[in-house]
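Structure first, commentary second.
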Amino acid sequence: MSHGFETLAIHAGQDPEARTGAVIPPIYQTSTYAQDAVGAPREGYEYSRSGNPTRDALQECLAALEGGPVGLAFASGLAAEDALLRTVCKPGDHVVIPDDAYGGTYRLFAKVAERWGLAYTPAKVSDPDAVRAAIRPGTTRIVWVETPTNPLLGIADIAALAAVAHDAGALLVVDNTFASPYLQQPIAFGADVVVHSTTKYVGGHSDVVGGALVAADRALGEELRYHQNAMGAVNGPFDAWLTLRGIKTLGVRMDRHCDNAERIAAYLDGHAKVAQVLYPGLPSHPGHEVAAKQMRRFGGMISFRAAGGEEHAVEICNRARLFVLAESLGGVESLIEHPGRMTHASAAGSPLEVPGDLVRLSVGIETVDDLLADLEQALG
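If you use the working numbering, the sequence shown closes out at 396, no skipped numbers anywhere.
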């Protein structure tokens, strides 16, 4: 029997606890487990790096929401990315990455994985031909995309890029953090692995750090599980419990994020002190039609370019009050940041450097008129 998204978010992996009937899965805050005999761990649990019931509940829920057979929870989104790269790639291999991507992802490729011998090429992921041209036949193992991208809100056609990657014998990896599984399920469009920073919309309350991988193929998922244990950057039980608590309201939260973002994008789009608004929900966005095809709605992230240049962008960030000046995104509270000097500072001087006049908003679920008033005074 199939269930709707909101039902899965509340129930998948979260049956009442067998011994007491507790409706919410317990926090199994333990490092080790008593074994029934030598070599006979009870229900397979022997050590919490290898397996923990609270983390297992989260992993089952994540897999159900993304439509894959195996979900894995990690200590952070970057820990998930690192485990994926070292499972699939070896020194001498090559990855195509977005020319617009999260600064931490770029840093992982440019400052860590490249020293290990993994080459990468940035490409415009909204252009399948550009991605195809960046592939190195025989050595490209992964085509890595974000959609929407961070921070320029570009849109990649997941189905088209899956065909490009698979034609080259590569995997398509989709970072689904900006959309969340409520708005977009990349596996349904041909992705092989979905990546999340569960710190963001999945957790949703700015109180927990985590990451996740969901594999479309069980065999690959089990390889990833082996490396999750071997490398050890697992999600702790309390973090897993907090993330599960956040997931339960993901659907209703995302609808409110989208409602507010649509109002704010329309307001900014007509403002004299805004040079350009980057939001896939606007019909003028070049990726609008593709986003409408593969997303339920258009998300809570907006970027815009200040008409007065970089200093004006910085002033806007500093003047905001309800929009908290902070990194990260996806919480119930609205955030504002200057990517060039904050989240994407590591990309300065690279092909992924972001415009200095760019401001990024993570639109929360507050009363939208209050958010609009705050932006009006911040714009000056």
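Every residue, glycine too, gets a C-beta built ideally from N, C-alpha and C. These figures come from a predicted structure and were not determined experimentally.
For Y136, the three-state secondary structure derived from DSSP is strand.
The beta carbons of A394 and R357 sit about 17 Å from each other, so the pair does not count as a contact at 8 Å. Take the alpha-carbon of H360 and the one of H212: they are about 18 Å apart. Here I318 is bridged, per DSSP, to L377. The alpha carbon of D72 has as its nearest neighbour, out of D255, V224 and Y122, the alpha carbon of D255. Shown here for D223: same chain residues with a beta carbon closer than 7 Å to its own, the five before and five after excluded, namely L258 in chain order. The stretch 88 to 105 and the stretch 272 to 281 do not touch, with fewer than 3 CB-CB distances between them shorter than 8 Å. Within the same chain, and ignoring the five residues on either side of A307 in sequence, the residues whose Cβ sits closer than 7 Å to its Cβ are I171, P296 and F314.
Distances from the alpha-carbon of L187 to those of A80, I113 and I158 put I158 closest. Exclusion of the five residues before and after P32 leaves V39 as the residues of its chain whose Cβ lies within less than 6 Å of its Cβ.
Spatial neighbours of D373 in its own chain (CB-CB distance under 6 Å, excluding positions within 5 residues in sequence) are listed in chain order as R321, A322, G325, E326 and A329. Judged by DSSP secondary structure, V330 falls within the alpha helix (DSSP H) whose first and last residues are G325 to R335.
In this structure, the alpha-carbon of E82 lies about 42 Å from that of G396. Looking at the DSSP output, F90 shares a beta bridge with G227 and V250. Judged by their CB atoms, Y283 and L377 are not nearer to each other than the 9 Å cut-off.
Within the model, the alpha-carbon separation for Q244 versus M311 is close to 30 Å. Annotated as proximal: M247 and R102, with beta-carbon spacing under 9 Å. With distances taken between CA atoms, V190 lies nearest to I203 out of L24, D386, I203 and T137. The three-state reading of DSSP puts L338 in coil, since its state is none of H, G, I, E or B.
Judged by DSSP in its simplified three-state form, S213 adopts strand. With fewer than 16 other Cβ atoms from the protein chains shown falling within 10 Å of its own Cβ, E130 counts as exposed.
The residue among A135, T70 and I381 with its C-alpha nearest the C-alpha of Y44 is T70. Residue state for L168 is assigned as coil, using DSSP reduced to three classes. Taking V128 as the centre and dropping the five residues before and after it, the same chain places the C-beta of D98 closer than 8 Å to its C-beta, in chain order.
Restricting attention to C333, K309, P371 and G365, the CA atom closest to the CA of Q292 is found in P371. Separation of T193 and K216 (C-alpha to C-alpha, rounded to the nearest whole angstrom) is 7 Å. Remark: fewer than three beta-carbon pairs, one from each stretch, lie closer than 8 Å, so the stretch 297 to 306 and the stretch 380 to 387 are not flagged as touching. L187 is bridged by DSSP to I158.
Where P114 is concerned, the enclosing beta strand (DSSP E) starts and stops at H110 to P114. Ranked by how close their Cα comes to the Cα of G365, the residues A96, A126, Y63 and P85 have A126 in first place. Taken atom to atom, the span from the alpha-carbon of I332 to that of I113 is near 31 Å. L284: member of the alpha helix (DSSP H) spanning L266 to D285, first to last residue.
Bounds of any beta strand (DSSP E) do not take in E33, whose DSSP letter is neither H nor E.
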